[in-house]
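Notes for the one structure printed next.
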Amino acid sequence: MNTLTTKLVFWLLILTASASIAADKQVLVQSTTSTANSGLYKYLLPQFEAQTNIKVNVVAVGTGQAIRNARNCDADVLLVHAKQAEEAFVEDGFGIKRHDLMYNDFVMIGPENDPARISNTTNIQSALQAMAKAQTLFASRGDNSGTHKKELQLWHLAKLDMSATDANWYRSTGSGMGATINTAIGLGAYTLTDRATWISFKNKQDFKILFEGDSALFNQYGVILVNSEKCPNVSKQNAERFISWLLSNDTQTAIAEFEIDGQQLFYPNAN
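The letter at position 148 of the sequence shown is residue 148 when you use this note's numbering, and the numbering goes up by one with no holes.
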């Protein structure tokens with residue numbers, strides 16, 4: 001082997017080793033969209049990466065899709081907001097343990113003139129029943145996301161089954177939260193959204209929060225380590241470090257301090 005070939009092989013080995021080391025210092029998070037759309041990750045993740053030199057890659061999709069991706073072993077960490085589905089994920093052996101991370105709430109938004117007069121109702125059941133009675137347009141995500149799951153639970157609470165309805169006033173977008181809000185605004189329709197997404201949403205036009213504050217609108221976020229016994233490619237050590245960091249007192253304080261226009265978006269409650 002001549003000197004030039006030896007040098008080329010040497011540098012190829014160095015580059016391969018460097019790439020392998022870089023790959024080992026990463027975490028893949030399957031996440032709900034609200035944590036990304038609100039700007040929380042842009043605020044938090046540089047702090048973690050600076051402290052640990054571990055790169056966090058986030059795939060932000062609806063909760064249902066995030067859980068399916070994690071079940072397909074395309075994740076190290078799952079961070080979503082549908083507790084029943086999260087617990088099933090752990091019970092089925094795909095997750096090690098579920099931790100409460102933080103919470104906020106859902107709100108019902110709509111046009112300022114409030115055609116169904118839901119702002120005059122006293123609970124979410126009455127608000128939904130008022131919309132159904134008036135047959136005012138409602139935009140549903142219809143995508144099996146955490147928000148869509150919550151919405152269907154609320155309709156059920158109001159004794160209305162919208163899971164397979166063909167009512168003309170009930171429109172399923174099959175889209176994420178931002179696109180669904182834009183659709184609602186375009187149609188003059190009501191829709192359910194998490195508060196963090198609404199606070200950070202730019203194209204509000206004449207839309208506003210018309211119903212809020214019911215305890216049924218509570219929105220809990222959880223974080224789960226994907227089980228390396230089910231998914232051998234999980235970056236277990238880095239993922240454990242990331243979850244521990246999220247649950248730490250310092251990060252919980254940082255979550256509480258994350259605001260837009262003076263409004264707090266998430267409330268930490270790690271366990």
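Idealized CB from N, CA, C, for every residue including glycine.
Closest Cα partner of G188 within the set R241, E212 and M131: M131
Spatially closest choice to D100 from L79, E112 and N113, by CA coordinates: L79
Can you tell me whether DSSP reads I76 as helix, strand or coil? The residue you asked about is not Ile; residue 76 is Asp in the sequence shown. Coil at D76, not helix or strand.
Can you check the region 44-75 for any alpha helix (DSSP H) of at least 4 residues that lies completely inside it and give the ranges in chain order? 63-71
A17 to K150, Cα distance in whole Å? Unreliable positioning characterises A17 in this predicted model, as indicated by a pLDDT of 41, which lies under 50. A coordinate reading is not provided.
Candidates S175, L40 and Q30: closest to E257 by CA position: L40
Please classify A164 as buried or exposed, where buried requires at least 16 other C-beta atoms within 10 Å of its C-beta. exposed
With H, G and I counted as helix, E and B as strand and the rest as coil, what does DSSP make of S38? coil
Going by DSSP in three states, E229 sits in which element: helix, strand or coil? coil
With burial defined as no fewer than 16 other Cβ atoms inside 10 Å of the residue's Cβ, what is the status of F106: buried or exposed? buried
Residues of its chain near L137, where Cβ-Cβ distance is below 6 Å and the 5 sequence neighbours each way are ignored: W169, L187 and A189
Residue range of the alpha helix (DSSP H) that N182 falls in? M177 to L187
Rounded C-beta distance between V58 and A239? I'm assuming under 8 Å. Not a contact, Cβ separation roughly 13 Å.
Would DSSP call L137 helix, strand or coil? coil
Just the Cα atoms here: how many angstroms apart are R68 and T253? 31 Å
Taking DSSP as the reference, what is the three-state secondary structure of T122? coil
Given this structure, state the Cα-to-Cα distance separating G142 from M177, to the nearest angstrom. 10 Å
Mind checking who S200 pairs with in its DSSP beta bridge? Bridge partners of S200: none, in fact.
According to the Cβ coordinates, are D206 and E112 closer than 8 Å? yes
Could you name the residues that DSSP lists as bridge partners for K208? G110
Taking the DSSP output, what are the residues bridged to H99? V223
How far does the alpha helix (DSSP H) with R241 in it reach, from first residue to last? K236 to L247
Only counting the same chain, and skipping five residues up and downstream in sequence, which positions put a Cβ closer than 7 Å to that of I21? Residue placement at I21 cannot be trusted, given a pLDDT of 43 that sits under 50; what the coordinates show is reported in the next sentence. Excluding positions up to five away in sequence, the list is empty.
Identify the residues that DSSP records as bridge partners of F218: which are they? D105
The region 115-127 contacting the region 207-218, beta-carbon criterion three pairs below 8 Å: yes
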